[in-house]
Each structure stands twice: as C-alpha cells, then as structure tokens.
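**Q** For the first sequence, this note's numbering gives the first residue as 1021, with consecutive numbering after it.
Beta carbons: idealized from backbone N, C-alpha and C, even for Gly.
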Amino acid sequence: MADNKKKMVEDITSMDVDFAKWYTDIVRKADLADYSSVRGCMVVRPYGTAIWENIRNLLDGMFKETGHENVMMPMFIPEGLLQKEKDHVEGFAPEVAWVTHGGSEKLAERLCVRPTSETLFCEHFAKVCSSYRDLPMLYNQWCSVCRWEKTTRPFLRTAEFWWQEGHTIHETAEEAMAETEQQLECYARLCEEYLAIPVIKGQKTDKEKFAGAERTYTIEAMMHDGKALQSGTSHYFGDGFAKAFDITYTGRDNKLHHPHETSWGMSTRIIGAIIMTHGDDNGLVLPPAIAPWQAVIVPIAQHKPGVLDAANELKARLAKVCRVKMDDSDNAPGWKFAEYEMKGVPLRIELGPKDIENGQCVVVTRHNREKHFVKLDEIESMIPVLLQKVRDGIYQIALENRENRTFVGHSMEEIMKFSAEQSGFLKTMWCGELECEMKMKEEAGLTSRCMPFEQENLGDVCPICGKPAKTMVVWGKAY
RNA sequence: CGGGGUGUAGCGCAGUUUGGUAGCGCGCUUGGUUCGGGACCAAGAAGUCGCGGGUUCGAAUCCCGCCACUCCGACCA
1021 MADNKKKMVE DITSMDVDFA KWYTDIVRKA DLADYSSVRG CMVVRPYGTA
1071 IWENIRNLLD GMFKETGHEN VMMPMFIPEG LLQKEKDHVE GFAPEVAWVT
1121 HGGSEKLAER LCVRPTSETL FCEHFAKVCS SYRDLPMLYN QWCSVCRWEK
1171 TTRPFLRTAE FWWQEGHTIH ETAEEAMAET EQQLECYARL CEEYLAIPVI
1221 KGQKTDKEKF AGAERTYTIE AMMHDGKALQ SGTSHYFGDG FAKAFDITYT
1271 GRDNKLHHPH ETSWGMSTRI IGAIIMTHGD DNGLVLPPAI APWQAVIVPI
1321 AQHKPGVLDA ANELKARLAK VCRVKMDDSD NAPGWKFAEY EMKGVPLRIE
1371 LGPKDIENGQ CVVVTRHNRE KHFVKLDEIE SMIPVLLQKV RDGIYQIALE
1421 NRENRTFVGH SMEEIMKFSA EQSGFLKTMW CGELECEMKM KEEAGLTSRC
1471 MPFEQENLGD VCPICGKPAK TMVVWGKAY
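As structure tokens, this is what we get:
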C-alpha cells in the first residue's frame, strides 16, 4: 500500500528492533496495565485482571484439590518480627517499605509493608499449632506484597505485585519435602498444560535460593529474547523458621518437636512470561485456558439485514462451549481484526453475508493466522478442537525457541563463545563451588538458573575449575 | 544504587538552539456515507507545557533544585 500515512499510534514496535519497547507496547496497547502516580506501581486494567483471575482460578482449584485452605494475613509486619530469622531479614530488609506513623502519631515500633509473609505465618503457626493432630496445616493466601525495587517494569518487576503465597507446616521432613515438590508440580502443570509455556524444573543453587530456605525449587521458562524468567518457586525450610519463631507441637511420643515448613509462590509476573513467550509483532497471543475471550465474533457488513441476528445467534450457541465476545461496534472489520490480534484472542470468527448464504463462518487462529471454513452446524464441536490446536501450536513454537537457544559448554572457551554470541540457556557440569558460580557471573555474565531434576551427564569435570563435577546446571541471563 | 535518555491534549510527537498569543497526527464527541485486513467527509471539545523556585516587562524556551518514566549495569518473584 503506497500511501504516506503516518504510522498508527496503535502500531507495535517490532521485537527485533527493540525487545523492551515491544514488551511495554504490548502491555499498554493490549490494555493489560497502566502506570500510576505511585513510583514503580502499576494499575492492572480489566483485561489484565481478567487474565490474572483465570490463572488464579486454575491454581486455586489445584491447591484446594490437594487440601489447602485460603487465609488472609495482615499487610504489616512489626520490625521486631521481621528480624527473628537472620537470613530472611538480610535478604529482604534492603527492599522493604516502612510505615512510621499512624495518623499524626509516630509509631513506637515501625511496621514494614509485607514483602512476603513467612514471619506472619510463623507467628501465627506458633499460636495455633500444639499437637501432631493439628498437622499438617496447609495455608495459602492471595494478596499483594511490596518490594521497593530500584527499577521497575510492568508485571516483570513492580514495587507492588499480586501473588499467592502458600505456607505449610508438617510433622516430618519427608512430608514437607513432598509438599514442596507437589506444589512445584502444580506450577509446572499450570505453565505447561494451561499456559503452554515449557519450563525446566530444578533446584536453585545455594547462592540463588530463597533467604532463609534450606532448599528452593524453581521452574524456569525461556523468553523470546533468550532470557530466563523464574515462573514459580517452592521452598523447603526444614525446621529453621520453626526454631527461630518457636513453633512447637507435642508429638506422638509426648515430646516437643519443631514442625517442618514450606512456602511457595507464583505472581503476576507470570503474565510477563505469557507476553514474552507467546507474543508476536502483532501483539499478544493468549493461551486459550486463560484468555478472557477465547473467541471473538466479527460481523461483516453488519448493517445488512440478518447479519447481526446471525452473529447474535452464533454467540448464544458458542457461549455454551467457550468464553465468547461479539463485537458489533461501529469500527470497520479491519480495525477489529487488528484490535483482537493485539489483545491475543485465540480465535477470530468472521461472519458476513456470503458466509450466511453458505451456512458457514471463517475461523482464524491467532498464532498463525490460518483460516478455517467451518459449517455453522458444526461450530460447537469445532471450537474446542481449534482451541486445543492453538494451545498445542504455541507450546510447540515456544519449545522450539527454547531448544534452538539451548547449548552445551564443555570448556571455558565454549562458555565464553556462548556468552559472546548467544542468548539462551547454557548447560554445563559444575563442581558445586560458589567460587565457580561467581566466576561464571564475572566472566561470562551468566547466573545459574537451576540444577534440573532431569540431569544429563555432559562430562566428568567442572569446565570452570577442572575439578570433578557433581551436577549439571542450566545457566542464563535472567529477568 | 551507578551511567545514558525522555517529560508539551487520552496516545505519539513538533516547538526549546535565538524568550514574545501553544501546534500537528491519531484518538474522543456529533451528524452523514461506509463495512471480507486498522474507511471517508464535515463540524466540535479537550493543555496549570512533570513539580517547585529563580532571572526577565514577558519563560514550554534561560538558570537551580526535585520528581516520574525509560534503557544499560548491580539486586530481586
């Protein structure tokens, strides 16, 4: 089209030109979130909130199936309480916000706005747990937390973010370990099955584990630009917190014991992962399971007699098999096509006079723009099939991207070559020493993402120091 | 927290060098014509020029301070 019209404001920066700008363009133009006057904080718009609600419902269902109960804890933590566990406070103190006044009165003890609620749960567990019969306690809360981050980006890193945090205590270490693994599995299932995001499950190194945890498990996803995004974590605390907070119960042996504890969380950051795993230069691409609208009906020549009636009838029928919207606004069809592509609606259904004549409609899958001509009397059975095709299609694309960007490093030369030329995951063997992890960071700019549960034997020595290797590590650059 | 960039209508920007009535495109409102890939015509509404101070007869423009956003590092979900 040879016209000299300016670029429309709705146009999205191509991801090859400027990935960061592409990302924020999508956040704003797909109407997911907006900035607010509070430093580093975002407004999650209705469309973004609807996505989060869908994720939340899926996760909440899984938690409840496995016996967890929701609770609501205070948003403030007294300074003294936060300081009870040494590693924990050291990890979080630098980034907490403090409340110093109530009204005009200065508080005797300042309160921090929760950055995470381990301390509050521990204080509470100490009160309500007295016998082995009380165990396990399987609690979860949906809330927002506050971390005074230096630099922020919508969904990926904001001063306040929404999440769920599960906190459980158990009679035995084995039970708590099983819980930690089970909850990581929940997150992995959510990502793989519902969000169509392939993840690597593994354990964090000591350097990267949660402040106060004995072990941290993680799922790591790879974004379009090759960077890693930690998409969910599950921690095993042993009895460290229980000792610090004096949580005890009388055991079957009539003696006092400390319970074993876990915590696990997934945040609105996962929306950032969806954007950067599936999105393209036309906008967002949503996995059907969490798309606010799974299909949008665009009537063509809607002023012509019969078109809107047919569109409304189609909508009523489809409402029984999926979340569907019909757009009868005055905007031109082309405008609607672009709009719903930007919003990542998995299926677009075009219905015009020609279709009605032929007893069909045109269904276009968002991720590849493939057109499917579907008979109107078969539409109810075809939609679920096409939604599944979208899920499988975008999963496959994401998996291929990850595989194309995953490399193996057998020597420091190979590691440096990867660092200079590639962005993605690098698998190497590792001796287990912090020193080598530090060297990896300083020389190659890579941090350990995890030690995958699925280990591969890539050699006998740590390529960084030459000493015998203990585990395989996946390295990368992280968000 | 270190280094760079940017703040002018809802969004994207011009105007700042050289001080002199605040502009353009998109969007929005109303009416009409359109409708299978971001339609067209006409008429309209909308701005404490990020905030605070200073210089000046006069500041979007010059000076000082602050704030926010953003990119690149360090830190984190």
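Within the continuous beta strand (DSSP E) that includes residue 1254, where are the two ends?
**A** Taken as a continuous stretch (DSSP letters only), the beta strand (DSSP E) holding residue 1254 covers 1248-1258.
**Q** Thinking just about the alpha-carbon of each residue, which of 1309, 1490 and 1062 is nearest to the one in residue 1173?
**A** Answer by Cα proximity: 1062.
**Q** Could you pull the DSSP bridge partners for residue 1098 from this structure?
**A** According to DSSP, residue 1098 bridges with 1131.
**Q** Using only alpha-carbon positions, find the residue among 1318, 1340 and 1373 that is nearest to residue 1350.
**A** Closest option to residue 1350, Cα to Cα, is 1318.
**Q** Out of 1199, 1334 and 1279, point me to the one whose CA is closest to residue 1383's CA.
**A** Of 1199, 1334 and 1279, the residue nearest in Cα terms is 1334.
**Q** Please check the pair residue 1459 and residue 1248, which I expect to be a contact at CB under 8 Å, by giving their CB distance rounded to whole angstroms.
**A** No, residue 1459 and residue 1248 are not in contact; Cβ-Cβ is about 19 Å, not under 8 Å.
**Q** Kindly give me the distance between the Cβ atoms of residue 1056 and residue 1246, rounded to whole angstroms, as I take these residues to be in contact under 8 Å.
**A** Not quite, the Cβ-Cβ distance comes to about 31 Å (not below 8 Å), so this is no contact.
**Q** Count the other CB atoms within 10 Å of the CB of residue 1323; is the residue buried (16 or more) or exposed (fewer)?
**A** Exposed.
**Q** The beta strand (DSSP E) with residue 1450 in it runs from where to where?
**A** Where residue 1450 is concerned, the enclosing beta strand (DSSP E) stretches over 1445-1450.
**Q** For residue 1391, collect the residues of the same chain with a Cβ closer than 6 Å to its Cβ; drop the 5 residues on either side in sequence, then sort them by chain order.
**A** For residue 1391, where only same-chain residues beyond five positions count, the Cβ hits under 6 Å are 1382 and 1384.
**Q** Using the Cβ count rule (16 or more neighbours within 10 Å means buried), how would you classify residue 1483?
**A** Answer is buried; the Cβ neighbour count reaches 16.
**Q** Residue 1231 and residue 1255: beta carbons closer than 7 Å?
**A** The answer is no: Cβ separation not under 7 Å.
**Q** With a threshold of 16 other CB atoms inside 10 Å of the CB of residue 1475, please say whether the residue is buried or exposed.
**A** Exposed, since its Cβ has fewer than 16 Cβ neighbours within 10 Å.
**Q** Inspect the CB distances between the stretch 1404-1411 and the stretch 1344-1361 and report whether three or more fall short of 8 Å.
**A** As far as the Cβ criterion goes, the stretch 1404-1411 does not touch the stretch 1344-1361, which means the pair count is below three.
**Q** Whole angstroms are fine: how far does the CA of residue 1451 sit from the CA of residue 1488?
**A** Roughly 6 Å between the two C-alpha positions.
**Q** From residue 1481 to residue 1142, what distance separates their C-alpha atoms?
**A** Taking the straight line joining both Cα atoms gives about 42 Å.
**Q** Evaluate contact between the stretch 1297-1304 and the stretch 1036-1049, counting only Cβ atoms and requiring at least three cross-stretch pairs below 8 Å.
**A** In short, these stretches touch, since the Cβ pair count reaches three.
**Q** For my contact list, residue 1242 and residue 1422 are in at a C-beta cut-off of 8 Å; report their separation, rounded to the angstrom.
**A** Their Cβ separation, rounded to whole angstroms, is 4 Å, which keeps residue 1242 and residue 1422 in contact under 8 Å.
**Q** May I have a chain-ordered list of the beta strand (DSSP E) segments no shorter than 3 residues that lie completely inside the stretch 1340-1400?
**A** Here the runs fully enclosed are 1344-1346, 1367-1371, 1380-1385 and 1390-1395.
**Q** Between residue 1414 and residue 1298, which are expected to be in contact by the criterion C-beta below 8 Å, what is the C-beta distance as a whole number of angstroms?
**A** Confirmed, Cβ separation roughly 5 Å.
**Q** Sort 1227, 1369 and 1263 by Cα distance to residue 1313 and report the nearest one.
**A** Nearest option by C-alpha distance: 1369.
**Q** According to DSSP, is residue 1225 helix, strand or coil?
**A** Three-state result, residue 1225: coil.
**Q** Which residues in the same chain have their Cβ closer than 6 Å to the Cβ of residue 1018, if we skip the five residues on either side of it in sequence?
**A** With the chain running from 1021 to 1499 in the structure shown, residue 1018 is simply not present.
**Q** With a 10 Å radius around its C-beta and 16 neighbouring C-beta atoms as the bar for buried, classify residue 1436 as buried or exposed.
**A** So residue 1436 counts as exposed.
**Q** What's the gap between the Cα of residue 1161 and the Cα of residue 1145?
**A** Each residue's Cα considered, the two are about 14 Å apart.
**Q** For residue 1419 and residue 1217, I'd like the C-alpha separation in whole angstroms.
**A** Rounded to whole angstroms, residue 1419 to residue 1217 spans 8 Å at the Cα level.
**Q** So, helix, strand or coil for residue 1029, using DSSP?
**A** Confidence at residue 1029 is low in this model, with a pLDDT of 32, below 50, so its placement is unreliable and no value can be given for it.
**Q** Report yes if the C-beta distance between residue 1235 and residue 1308 is below 7 Å; otherwise report no.
**A** Contact flag unset, no.
**Q** Just to confirm before moving on: does the CB-CB distance between residue 1265 and residue 1281 stay below 7 Å?
**A** No.
**Q** How is the alpha helix (DSSP H) around residue 1435 delimited, first residue to last?
**A** From DSSP, the alpha helix (DSSP H) with residue 1435 extends over 1432-1441.
**Q** Excluding the 5 residues preceding and the 5 following residue 1115 in the sequence, name in chain order all residues of the same chain whose CB lies nearer than 6 Å to its CB.
**A** Contacts found: 1167 and 1168.
**Q** Leaving out the 5 sequence neighbours to the left and right, which residues in its chain are closer than 7 Å to residue 1486 when beta-carbon positions are compared?
**A** The answer is none, since no qualifying residue turns up.
**Q** Just the Cα atoms here: how many angstroms apart are residue 1210 and residue 1325?
**A** If I take the Cα positions, the gap works out to 45 Å.
**Q** Indicate the three-state DSSP secondary structure (helix, strand or coil) for residue 1300 in the structure shown.
**A** Residue 1300: strand per DSSP, three-state reduction.
**Q** Under a Cβ-count criterion, where at least 16 other Cβ atoms within 10 Å of its own Cβ denotes burial, should residue 1171 be classed as buried or exposed?
**A** Answer is exposed; the Cβ neighbour count stays below 16.
**Q** Taking just the CA atoms, how far does residue 1244 sit from residue 1517?
**A** Lying before the first or after the last residue shown, residue 1517 is absent from the chain, which here runs from 1021 to 1499.
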